[in-house]
Amino acid sequence: MSLVFAGVCSHAPGITGRAHLADPDVRDRFYEAFHQMGDDLRAAKPDAVVIIAAEHFANFFMNNMPSFAIGMADSYEGPIEDPGWLGIERRQVPGNRDMSQRFITEVMKGSDISYAEEWKFDHGIMVPLHFLTPDFDIPVIPVNINCQGPPLAPLERAWAFGESLRRACDALPERIAIIGTGGISHWPATPDSGKINQAWDLEFMDRWCRNDRDALLDQSSYNDLQVYTDAGQGGFEIRTYLTVSAAANGAKGVVHFCEPIPIFAVSCTVATYDLAAVSSAR
Amino acid sequence: MTLYAVQKFLYELNRTPALQTAYSNDRHAVLEPFDLTDEEITALTEPDIGKLFHLGVNGQILMHFAAFHQIEWQDYLQRMRDGIAAYGPVREGVYAMTTGLDDVVAPVHSASIEGSS
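Line by line, the protein sequences are chains A and B.
So in the working numbering the end of the first sequence lands on 282, straight run, no missing numbers.
So in the working numbering the end of the second sequence lands on 1117, straight run, no missing numbers.
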């Protein structure tokens, strides 16, 4: 079949774990946009959700850190965090080992990746699923891009990885949704948590919506040192967003929500690509 | 020995319930397989969140460790600030602090403060 849905969203643990500390007005409008994204995703009737996250040392460490990894199991457990702290109960999330294996085989034709038959989900995957598939009933194919332990894969490699993901989607008979998760600018889990560069976020999301490869990979704006300066450690997670851009293969995007919620540590973001417009134009 | 060893222990602890139980029973014993200095052992057993942040522990690892110890979010942030005040800037790694010691970066919504009082 092909790609039937593509979008990006925030995954910060405070979204569920510190909900009671946020301004209820902006929080509830964000939640509404997040739930709407879930409604739209499920309306696309995907057989699997490929969820690209920047995991946070739930599975991978600097003794053997893959730049790109994909899960290959029939089920996954999450969250790894204390459920009370995250505000999400621990559970088994369905996967599909056979589909993952076929998907990975196709991805490997274009990108060098690692695969993992064990995978524990942290907030990077559990928070988005909490809103997008609240019954946790659609098989997931987890994908990780190392955004935590430098050296990190260059943005060009993340883009190429996104192209490989798209080719795999096109090669499989199943209907696939792709979700990229992460913050844009943020300084997570540090005393700076809550610091947000909103102008930087809006500029990045403008480039994301235009799906402008050159602008998204522009090294004068987005080399790692500049990102670290302008957008913090969390800014490295733009890799997950632009990977979805590459997978969307020219589609244009719409930002449904992008506003800072400091107690959640990020500009809380929900955005999707209009895949139908691309396919009807071809 | 190194920041690597401190983070390796915390990585294993954060994702392994059996190790969490062992840590709860005897914090020093579970550290024996790791090549750690006395300073690092003290920071990991007290636990001294501020010292661990000062040593350069990645916040994504430290955050999980703090949650395991049932340390509330605002308290976690303050402990890191206290660590910087007491021990100096972060020694290494990318999880440094860029704001001032007295900055209020993520204020809690007033209604939640009133509701908790």
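Even for Gly, the Cβ is constructed at its ideal location relative to N, Cα and C.
Quick one: is residue i near chain A, going by C-beta distance under 8 Å?
i           : result
Arg-1027(B) : no
Arg-1121(B) : The structure shown does not extend to residue 1121(B), since chain B is modelled only from 1001 through 1117, so no value can be given for it.
Thr-1099(B) : yes
Val-1006(B) : no
Pro-1107(B) : yes
Tyr-1011(B) : yes
Phe-1065(B) : no
Arg-1015(B) : yes
Leu-1044(B) : no
Tyr-1087(B) : no
Gly-1056(B) : no
Any Cβ of chain B within less than 8 Å of the Cβ of residue i?
i          : result
Ile-238(A) : no
Ser-193(A) : yes
Leu-129(A) : no
Trp-119(A) : no
Asp-218(A) : no
Pro-150(A) : yes
Gln-36(A)  : no
Quick check: what's the CA-CA separation for residue i versus residue j?
i           : j           : result
Glu-55(A)   : Leu-1013(B) : 16 Å
Ala-1067(B) : Ile-1049(B) : 11 Å
Val-254(A)  : Ala-44(A)   : 17 Å
Trp-1073(B) : His-123(A)  : 15 Å
Leu-1044(B) : Ala-1085(B) : 19 Å
Ser-10(A)   : Ser-164(A)  : 23 Å
Val-4(A)    : Asp-230(A)  : 34 Å
Gly-7(A)    : Val-1006(B) : 37 Å
Ile-176(A)  : Leu-152(A)  : 27 Å
Ile-1061(B) : Pro-1047(B) : 14 Å
Ile-179(A)  : Asp-1038(B) : 44 Å
Lys-252(A)  : Asp-214(A)  : 15 Å
Gly-17(A)   : Gly-84(A)   : 8 Å
Ala-58(A)   : Arg-157(A)  : 23 Å
Arg-29(A)   : Asp-98(A)   : 38 Å
Do residue j and residue i come within 8 Å of each other at the CB atom, strictly closer than that value?
i           : j          : result
Asp-201(A)  : Cys-258(A) : yes
Val-93(A)   : Tyr-76(A)  : yes
Tyr-1095(B) : Gln-233(A) : yes
Ala-33(A)   : Arg-27(A)  : no
Gly-87(A)   : Ile-263(A) : no
Ile-51(A)   : Pro-142(A) : yes
Ile-138(A)  : Ala-248(A) : no
Thr-269(A)  : Ile-196(A) : no
Roughly how far, in whole angstroms, is the beta-carbon of residue i from the beta-carbon of residue j, given that I think they are within contact range, below 8 Å?
i           : j           : result
Arg-1079(B) : Leu-1101(B) : Actually they are not in contact, since the Cβ atoms of Arg-1079(B) and Leu-1101(B) sit about 13 Å apart, beyond 8 Å.
Phe-61(A)   : Tyr-1023(B) : No, Phe-61(A) and Tyr-1023(B) are not in contact; Cβ-Cβ is about 18 Å, not under 8 Å.
Arg-1091(B) : Gly-1056(B) : 5 Å
Checklist entry - Are the segment 105-119 of chain A and the segment 65-79 of chain A touching, with three or more C-beta to C-beta distances below 8 Å? => result yes
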